[in-house]
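In full-length UniProt numbering, the protein residues as written are 1 to 738. Where a beta carbon is used, it is the ideal one built from N, C-alpha and C, also for glycine. In this text the structure is predicted, and so the values were computed from the model without any measurement. Here the structure is laid out as structure tokens; the discussion comes afterwards.
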Amino acid sequence: MFHVFQYQPLRLITQNSLSSMCLKLTLSRPVAFAQIWKSWFSSHSLLGKKNIILMGPPGAGKTTTGRIVGQKLDCPVIDIDDDVLETTWNMSVSEKLQDVGYEEFLEEEGKALLKLSASGSVISLSGSNPMHAAGMQHIKKSGIVVYLDVPTTVLMSRLKSKQMDRIVGLSPGISLKDVLQFRKQFYKRWFDIRVLCGRDVAAEVVAEKVLDAVKRYQDSELETFISTRSSRSGRSTEEDSNKFYFSDVVIQGLALDGGLFVPERRLPKFTAEEWQGLIEATYVERAQVILERCIHPADIPASRLAEIIETAYGENFSCSKVAPVRHLAGNQFLLELFHGPTASFKDFALQLMPHLFAYCIPRSCNYLILVATSGDTGSAVLDGFSRLHDTDKQRIALMNFFPEDGVSPIQKSQMIGCQKENAWSVGVKSDFDFCQTAIKQIFTNSDFTGFLTVEYGTALAAANSINWARLLPQIVYHASAYLDLVHQGIISFGSPVDICIPTGNFGNMLAAFYAKMMGIPIRKCICASNENNVLTEFIRTGVYDLRGRKLISSFSPAVDILKSSNLERYLHLIANEDGQLVTQLFNQLENQGHFQLQKDLLGKLQQDLVAGWCSDEDCLAAIHSVYSTTGYILDTHTAVAKVVADRLQDRTCPIIISSTAHYSKFAPAILRALRIAEINQNPLSQLHLLSSYSALPPIHWGLLETLKKTGNGDHQVCAADLSVLMSHIETLIQNHFM
């Protein structure tokens with residue numbers, strides 16, 4: 001046996017201590033098990049008796065990085081190739097590979113790894129170690145596995161220059177690129193932390209990144225969340241002692257003081273080299289890297305997060321690129337966000353969030369998720385949560401509120417058709433703003449929520465864009481769109497782009513701004529509104545004024561919103577986390593119907609945002625014009641953004657227009673824009689008529705199948721009365737959980 005130090009577990013959790021944890025979980029408010037696990041992490045040193053295990057493909061620099069890390073920590077360094085394999089075999093690795101062949105080599109290499117016992121060391125694995133499951137299970141128990149992730153093109157360049165002759169799996173007919181791509185699946189299976197390594201990053205820099213990543217892994221106290229209505233300087237002792245982590249904010253949704261959760265230390269920033277390392281990556285790979293940096297592994301381990309992301313963005317999306325970027329005309333590009341199962345950008349969050357939610361919640365409590373939608377969220381959230389495992393469905397139910405007369409016929413058919421045994425849609429005789437405000441009031445009604453918990457063992461949670469887990473996945477597609485333009489050769493990395501987004505609740509726009517904060521070179525974020533242009537006027541004047549405003553029904557119902565909830569997060573950010581100011585502004589909006597920004601804050605806002613709006617007539621004209629010139633059909637929301645982009649862009653850089661929904665969802669308006677005189681009122685007939693145009697993109701497959709299968713089913717309709725909504729909630733809980 002190769003022996004350095006006898007390994008002893010850093011944290012020994014006995015049956016008694018585990019039982020104590022479960023008892024606390026049962027007696028206290030619902031919290032994620034990860035929060036208890038964090039206390040074990042944060043009380044230990046960087047290394048202790050654990051090993052730092054460097055893993056990665058050939059040419060990743062594991063050996064050199066390992067030596068530098070060992071030097072910095074003043075601890076033993078073990079290189080598996082040099083110190084274990086060649087010592088055990090008494091021959092070089094390349095000779096052994098030549099002698100026994102590929103399969104036998106992997107087996108003998110794994111056996112050698114199984115004999116290794118070490119603690120408090122830096123271990124540099126061979127590139128093929130992760131392909132032996134038993135060996136990796138053994139070594140992983142001894143420490144923290146750090147994956148040195150290097151772009152494939154960089155690896156190929158390095159390996160060819162070194163003329164390496166000992167790459168396991170390389171043979172006639174199998175290219176180096178194929179070998180490297182094949183091995184990725186094994187690296188993803190075993191790592192705890194990923195460190196991105198670019199082309200020209202020095203080993204010393206990589207070593208520092210490894211140490212920073214290990215420190216982050218062990219100290220989750222750095223990644224807490226605060227409410228937009230609490231300031232850092234004015235936080236109470238109670239707030240400091242009751243810290244909120246990712247798991248908590250996913251479950252709780254809305255802060256108890258009525259504010260929205262935001263990261264206390266803001267989002268991580270990627271270096272230019274790290275972003276460039278993702279240019280060749282797939283959408284799923286980009287999502288994994290970005291979200292790993294935003295979700296602490298104590299909340300969701302990296303390997304489990306990878307599984308969740310692959311499930312969310314795999315077969316559920318009709319396009320292999322998930323969120324492709326298409327050239328429209330001139331310097332305008334469309335980010336197509338409608339290839340998910342329910343044909344809107346909401347799928348990006350709501351195919352992912354249900355799995356995050358199910359992972360984070362404790363097993364001892366049932367949850368009812370409340371949703372308010374102006375159209376697309378309803379079917380997306382119903383579809384997303386319907387894909388959970390059956391055991392999760394038994395403890396997670398949904399109630400979706402939507403304005404009964406404020407969504408398109410196809411959207412309503414989708415929401416009715418997507419109802420499941422644990423999910424209901426309720427039409428409300430009011431507008432979206434009422435639905436959204438009602439949900440906020442229900443969440444902050446401690447008497448009602450307490451009653452549900454005590455009487456039915458059920459807690460409430462939110463799946464609207466006020467939930468941080470809804471917002472986070474949207475950052476990915478804005479970053480990915482920019483990287484796609486670089487990959488296509490449209491721009492070089494570092495060149496700016498503008499973003500134009502049809503904006504209602506401000507979540508999509510905020511996600512683009514977050515992508516900019518994380519290092520994507522976005523110059524201006526352009527907010528596009530329809531005739532419900534409160535947000536446009538606010539960005540232009542600094543005055544948010546709802547006095548005398550009534551919601552106007554339009555052809556772009558997803559942006560028929562007067563109160564933009566996620567604006568609160570943005571204002572909190574530019575106000576330097578001044579929660580008292582944010583509280584003052586939004587209390588004034590609630591009580592008096594308006595507020596005005598200070599001049600300095602308005603100046604900051606206008607450095608980031610510009611805004612415009614368009615009428616229904618201009619929207620339909622844009623759809624007709626684009627189809628006539630390109631053969632491409634825009635949906636009504638994308639057309640709003642196209643009109644505003646035409647008016648506000650200065651044409652000095654590319655502009656990415658978010659195409660937030662498929663035109664099939666708004667068939668009557670589209671047919672009117674295409675100047676069809678007689679329109680059949682049956683949604684399925686409308687889609688068949690649109691399909692006869694053979695336009696781009698084709699009719700959405702998922703939407704067509706949903707309408708074919710379900711037609712118009714039944715759903716509940718209720719008055720715009722808070723007590724009535726609460727009664728519906730209680731009835732659902734009784735029917736599903738009791």
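- A contact between stretches requires three or more CB pairs, one per stretch, nearer than 8 Å, and the segment 454-462 fails this requirement with the segment 332-344.
- For N51, the enclosing beta strand (DSSP E) stretches over residues 51-55.
- By the Cβ-count criterion, I174 is exposed, with fewer than 16 other Cβ atoms from all chains shown falling within 10 Å of its own Cβ.
- The Cβ atoms of V206 and L148 sit closer than 8 Å to each other.
- Contact annotation: Q474 and A511 have beta-carbon atoms nearer than 8 Å.
- The segment 117-132 and the segment 179-190 touch, with three or more beta-carbon pairs separated by less than 8 Å.
- Boundaries of the beta strand (DSSP E) around M399: 396-403.
- If you check the CB distance, I439 and A372 come in under 8 Å.
- Around Q607, the same chain offers no residue with a beta carbon nearer than 7 Å, after the five sequence neighbours per side are excluded.
- Following the DSSP letters along the chain, one finds L196 in no alpha helix (DSSP H) but inside the beta strand (DSSP E) bounded by residues 193-196.
- With a threshold of 16 other beta carbon atoms within 10 Å, D431 meets it and is buried.
- Where N587 is concerned, the enclosing alpha helix (DSSP H) starts and stops at 579-592.
- By the neighbour-count definition (other C-beta atoms within 10 Å, threshold 16), I552 is an exposed residue.
- The beta-carbon distance between V154 and V195, rounded to whole angstroms, is 14 Å. This is too long to meet the 8 Å contact definition.
- Here DSSP, grouped into helix, strand and coil, assigns H478 to helix.
- DSSP places L352 in the coil class of the three-state scheme, outside both helix and strand.
- Positions of the alpha helix (DSSP H) runs, each at least 4 residues long and wholly inside the segment 183-232, are given as 203-218 in order along the chain.
- Residue state for S408 is assigned as coil, using DSSP reduced to three classes.
- When DSSP states are grouped into helix, strand and coil, F261 belongs to the strand group.
- Residue burial annotation: Q592 is exposed, with fewer than 16 other C-beta atoms found within 10 angstroms of its C-beta.
- Beta-bridge analysis with DSSP links W468 to no other residue.
- Each residue's CA atom was taken as its position, placing F401 and A669 some 24 Å apart.
- For the 8 Å CB-CB criterion, I167 and L125 do not form a contact.
- 8 Å or more divides the Cβ of V179 from the Cβ of I226.
- By the criterion of a C-beta distance shorter than 7 Å, Y514 is surrounded in its chain by L267, I475, once the five residues flanking it on both sides are discounted.
- Here the alpha carbons of R387 and V289 stand approximately 24 Å from one another.
- Residue environment: G450 is assigned as exposed (fewer than 16 neighbouring CB atoms within 10 Å of its CB, all protein chains considered).
- In this structure, DSSP gives I361 a state outside helix and strand, which the three-state scheme calls coil.
- Per DSSP, the continuous alpha helix (DSSP H) segment holding F448 begins and ends at 446-456.
- Cβ atoms of Q436 and S565 come within 8 Å of each other, at about 7 Å.
- For the options K420, V426, W613, the alpha carbon positioned closest to that of K412 is the one of V426.
- Following the DSSP letters along the chain, one finds K524 inside the beta strand (DSSP E) bounded by residues 522-529.
- For L335, the enclosing beta strand (DSSP E) begins and ends at 332-336.
- By the neighbour-count definition (other C-beta atoms within 10 Å, threshold 16), Y367 is a buried residue.
- For T453, same chain residues with a beta-carbon under 7 Å away, outside a window of 5 residues either side, are A459 in chain order.
- When I539, S554, V534, I501 are compared, the shortest CA-CA separation from A528 is found for I501.
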